[in-house]
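Worksheet: the structure to be examined is printed underneath.
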Amino acid sequence: MGRHTPAMSDTELAVYLEEHLATELQWLLRAATEWHVQDTLKLGIEGYEVQVFAMDSAFLHARTLLEFLTKCTSDNYYGCDAFGISRLESQRYGGAWEEHLHAALMHAQDRSETTMLLGFDGQSRKRLDQMPVDFAKEVVRLWREFAVALGDHDRPTISRLQGVAEKSLEDAIVNADRVANSKVTTAHADGKPISKIRWQGQA
Numbered sequence: 003m004g005r006h007t008p009a010m011s012d013t014e015l016a017v018y019l020e021e022h023l024a025t026e027l028q029w030l031l032r033a034a035t036e037w038h039v040q041d042t043l044k045l046g047i048e049g050y051e052v053q054v055f056a057m058d059s060a061f062l063h064a065r066t067l068l069e070f071l072t073k074c075t076s077d078n079y080y081g082c083d084a085f086g087i088s089r090l091e092s093q094r095y096g097g098a099w100e101e102h103l104h105a106a107l108m109h110a111q112d113r114s115e116t117t118m119l120l121g122f123d124g125q126s127r128k129r130l131d132q133m134p135v136d137f138a139k140e141v142v143r144l145w146r147e148f149a150v151a152l153g154d155h156d157r158p159t160i161s162r163l164q165g166v167a168e169k170s171l172e173d174a175i176v177n178a179d180r181v182a183n184s185k186v187t188t189a190h191a192d193g194k195p196i197s198k199i200r201w202q203g204q205a
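Residues in the sequence shown are numbered consecutively from 3, following my numbering.
Here you go:
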């Protein structure tokens, strides 16, 4: 592995999946959903800029998981190869998505000129600050591939983690739905409909 990323035992990998990666997924989907709610309601209440907080949170969790799912382990972070599977391919993350997401989180740059990014649907063009749900949907797509790859592993202690990964995603989606249907959301919506986010592969 790397200098700050020692090889983990199968037991440690299970803990890493359940306690760390699954937590990142939980908060990504909730933050992206909260951003979607706020973007729909457009409350404009001074001192209640929840949309910005949710956007920053979604970006942070999305970058963490996109790096894990699409890159190999380095000195500073784990990739999915830590589980003995190949890194996953993403035509979306890489190029403009990766460059602008990294810059937004890591650098104070002149943002007076807006770069339009290709959305998850492969057709729409959006500003970075309109991309939280798009990033989350790509993570969900990759997470499903990650779960299948775990199930295909030749070590039973790793292949059984497919079920853990799938359950983690199911729970994350349920909890994200709770954000959209919370008492606070309902009170602020005042009857305004909020479209349901359809995650990749969801009925």
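The beta carbon of each residue, even a glycine, is placed where N, CA and C say it ideally should be.
Per-residue burial, residue i [other beta carbons within 10 Å of its own, 16 or more giving buried]
{"i": "GLY193", "result": "exposed"}
{"i": "ALA205", "result": "Interpretation of ALA205 is limited by its pLDDT of 42, a score under 50 that renders its predicted location unreliable; no figure is taken from the coordinates."}
{"i": "GLN40", "result": "buried"}
{"i": "MET118", "result": "exposed"}
{"i": "ARG32", "result": "buried"}
{"i": "PRO195", "result": "exposed"}
{"i": "ASP136", "result": "buried"}
{"i": "ARG94", "result": "buried"}
{"i": "LEU171", "result": "buried"}
{"i": "GLU14", "result": "exposed"}
{"i": "LEU107", "result": "exposed"}
{"i": "THR159", "result": "exposed"}
Continuous alpha helix (DSSP H) stretch holding residue i: start and end
{"i": "LYS185", "result": "185-191"}
Sheet register partners of residue i (DSSP bridge)
{"i": "GLY96", "result": "Looking at the DSSP assignment, GLY96 forms no beta bridge with any residue, so it has no partner."}
{"i": "THR7", "result": "GLY4"}
Cutoff 8 Å: residue i Cβ touching any chain C Cβ
{"i": "HIS190", "result": "Going by chain labels, chain C is absent from the structure shown, which holds only one protein chain."}
At which residue ranges does the region 104-174 contain complete alpha helix (DSSP H) runs of 4 or more residues, listed in the order of the chain?
134-153, 158-161
The region 46-54 in contact with the region 22-33 per 3-pair CB rule at 8 Å
no
Within 8 Å, do at least three Cβ pairs link the region 140-147 to the region 83-103?
yes
Given 8 Å, three or more beta-carbon pairs between the region 64-77 and the region 157-172
no
Give the list of continuous alpha helix (DSSP H) stretches no shorter than 4 residues that lie fully inside the region 10-61.
12-17, 24-43
Mind the definition here: the region 66-83 touches the region 5-12 only if three or more C-beta pairs lie below 8 Å; say whether that holds.
yes
Inspect the CB distances between the region 151-161 and the region 9-22 and report whether three or more fall short of 8 Å.
yes
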